[in-house]
Ligand code: PRX
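In the working numbering, the protein residues as written are 87 to 717.
Printed below as a string of structure tokens:
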């Protein structure tokens with residue numbers, strides 16, 4: 087199923103548009119099914135109601151584990167590199183991984199989990215995280231992985247939204263020089279989570295934890311009480327595989343739902359093609375499994391293709407800025423998939439960290455999560471790839487399940503900062519504000535997709551109407567991505583950023599409304615408005631304008647207090663980079679905040695604020711400009 091030439095790409099693309107069902111059923115034949123489908127696709131974007139491979143039966147773990155055992159049982163499935171480079175790395179072969187997943191699947195069953203139950207996973211980047219994910223899939227339980235940087239309140243909201251029954255966690259996590267007390271955070275979260283019956287705790291950092299009788303048990307004790315025989319549960323192609331929460335325009339994160347069959351086919355197909363993965367290569371995706379990139383390109387995509395996937399627990403700058411490169415050298419990484427923010431941050435350390443490190447194993451480089459600026463693209467190309475590795479700038483989203491618009495390595499001619507062309511099966515279209523198609527080249531518009539693909543979301547957990555409203559109602563009969571996009575003279579796509587109230591901080595999606603809700607919870611904050619602004623390393627930073635009438639002399643202390651509140655309510659990733667205290671916000675007579683003005687001020691461009699005469703009190707603008715100039 088790999089595409090090897092540009093001509094083949096063009097032919098494949100044409101076929102995928104003209105005969106999508108034939109195309110995708112052909113791809114699906116490369117996977118292991120317990121029973122084949124009766125119908126490849128039925129769809130309706132108005133409901134929305136999308137079904138792929140209806141009637142088919144499968145278990146994704148048969149594809150990620152069992153089917154590799156005969157020929158590749160001794161091949162490395164997961165290589166784990168710990169936070170501390172002095173500690174040993176660990177390799178799990180497919181046989182060992184299969185054994186551990188089956189064993190832990192039995193632990194889940196023993197603790198009352200069954201098909202359809204929701205299980206929250208809050209763990210460090212250790213092999214047991216992948217094992218927990220796969221064990222859920224093995225028994226047909228729905229995993230909801232929550233990134234280790236989220237606060238107790240964020241976890242509780244996610245657990246309650248999906249009515250999870252179990253939590254899988256660890257005592258703690260290492261991140262550079264820091265230790266994060268995961269179990270403690272879970273304990274705080276569970277005060278408000280009545281549906282949780284059991285908590286399984288992995289020993290990792292060996293920090294003291296409190297274990298609640300009847301509710302909490304140790305991973306290490308539990309696995310001794312079960313055997314390693316666990317038949318994979320038979321799942322319908324459209325049964326839910328997982329829920330993953332992501333931010334949108336409103337204050338409440340939504341649980342994006344992916345199903346077993348389509349997601350598997352899409353993650354596997356895109357992994358194999360985009361990166362041109364070859365047998366025995368080592369694939370290193372630097373994301374965390376708490377995000378969709380980790381789900382699709384650390385766990386399911388690579389393992390479904392029998393690949394070796396490298397999991398890294400730490401951060402690129404610990405113990406120093408050569409860490410990523412040393413990992414590449416140590417494990418002879420062939421494909422490195424990372425984020426522009428990581429590249430920009432490493433660029434800041436100059437070339438010294440690259441000196442003397444052997445990067446010759448690298449063959450393909452990938453970027454994901456946010457637009458990659460030309461400078462970072464060239465640095466990656468020249469200093470890391472030595473002008474010898476294609477860069478795949480992959481555009482996609484939590485909702486799309488896998489890569490959508492991207493070069494195919496060694497196939498698609500690349501262009502810095504362009505995601506280039508749609509993958510086979512993907513039909514992008516640009517529309518104007520009214521939903522009219524903008525055809526031709528050399529145009530800008532809102533990016534939509536007009537035909538379903540197997541990896542697309544099916545609903546948002548527990549609230550189908552919200553899925554419809556968010557993605558399928560803005561423009562009739564189209565999936566709306568929320569991104570703005572340029573199609574240049576060559577028909578190449580360049581994503582220009584979000585056109586909604588979502589900001590992309592270091593490749594993490596954060597809703598401005600979510601941050602505002604958190605800020606407004608702080609005693610003293612009367613009102614707030616949050617916008618994104620260009621940030622050299624993070625891509626976008628968070629800029630908050632806050633009305634705080636009882637401000638003391640020590641403004642900085644108040645700022646720190648407010649940041650504490652945001653950390654407590656959402657997590658450290660949502661902390662504003664800049665806070666300006668103002669006495670009013672620019673509102674229209676109907677009370678709507680004119681964010682356009684705030685965005686301009688945050689960008690530092692106050693020369694051209696446009697028409698401010700419709701504001702209730704135009705004088706506030708002057709104050710905002712002055713105060714923001716002072717921080
Ligand atoms: O704005 C786009 C940006 O990230 C958003 C999706 O975020 P999330 O669901 O967290 O998934 C991130 C990893 C797939 C998109 O709406 N984005 C993602 N990849 C790119 C990108 N923007 C520009 N170029 C990309 N390659």
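From the three backbone atoms N, C-alpha and C, an ideal C-beta is built for every residue, glycine too.
Helix, strand or coil at residue i [DSSP, three-state]
| i | result |
| --- | --- |
| residue 260 | strand |
| residue 664 | strand |
| residue 354 | helix |
| residue 708 | helix |
| residue 679 | strand |
| residue 190 | helix |
| residue 290 | coil |
| residue 309 | helix |
| residue 148 | helix |
| residue 251 | coil |
| residue 277 | coil |
| residue 554 | helix |
| residue 578 | coil |
| residue 119 | coil |
| residue 208 | strand |
| residue 530 | strand |
| residue 549 | coil |
| residue 521 | coil |
| residue 700 | coil |
| residue 100 | helix |
| residue 603 | helix |
| residue 295 | coil |
| residue 507 | coil |
| residue 454 | strand |
| residue 439 | helix |
| residue 598 | helix |
| residue 544 | coil |
Beta-carbon proximity check, residue i vs residue j, cutoff 8 Å
| i | j | result |
| --- | --- | --- |
| residue 634 | residue 664 | no |
| residue 241 | residue 272 | yes |
| residue 287 | residue 305 | yes |
| residue 158 | residue 140 | no |
| residue 234 | residue 376 | yes |
| residue 423 | residue 383 | yes |
| residue 38 | residue 514 | Residue 38 is absent from the model: the chain starts at 87 and stops at 717. |
| residue 657 | residue 260 | no |
| residue 316 | residue 144 | no |
| residue 465 | residue 429 | yes |
| residue 574 | residue 527 | yes |
| residue 330 | residue 231 | yes |
| residue 718 | residue 205 | The structure shown has nothing for residue 718, since the chain only spans 87 to 717. |
| residue 504 | residue 580 | yes |
| residue 497 | residue 91 | yes |
| residue 369 | residue 388 | yes |
| residue 603 | residue 337 | yes |
| residue 351 | residue 196 | no |
| residue 662 | residue 652 | yes |
| residue 572 | residue 485 | no |
| residue 443 | residue 480 | no |
Exercise. Pick out every residue whose C-beta is nearer than 7 Å to a heavy atom of the ligand PRX: which are they, in chain order?
Worked result: 332, 377, 378, 379, 453, 454, 455, 456, 457, 458, 479, 480, 481, 482, 483, 484, 485, 505, 567, 568, 569, 581, 583, 584, 590, 593, 594, 595
Problem set entry | Continuous alpha helix (DSSP H) assignments of at least 4 residues falling wholly in the segment 151-183 | 155-158
For this session: Tell me the start and end of each unbroken beta strand (DSSP E) in the segment 397-427 that is at least 3 residues and wholly inside, in chain order.
Result: 421-424
For this session: Quick one: which unbroken beta strand (DSSP E) runs of 3-plus residues sit fully inside the segment 614-664? Chain order, please.
Result: 625-633
Exercise. Which full runs of the beta strand (DSSP E) of 3+ residues lie inside the segment 461-500, going along the chain?
Worked result: 477-480
For this session: Taking only runs that begin and end inside the segment 313-386, name each unbroken beta strand (DSSP E) of 3 or more residues, in chain order.
Result: 326-332, 340-345, 368-371
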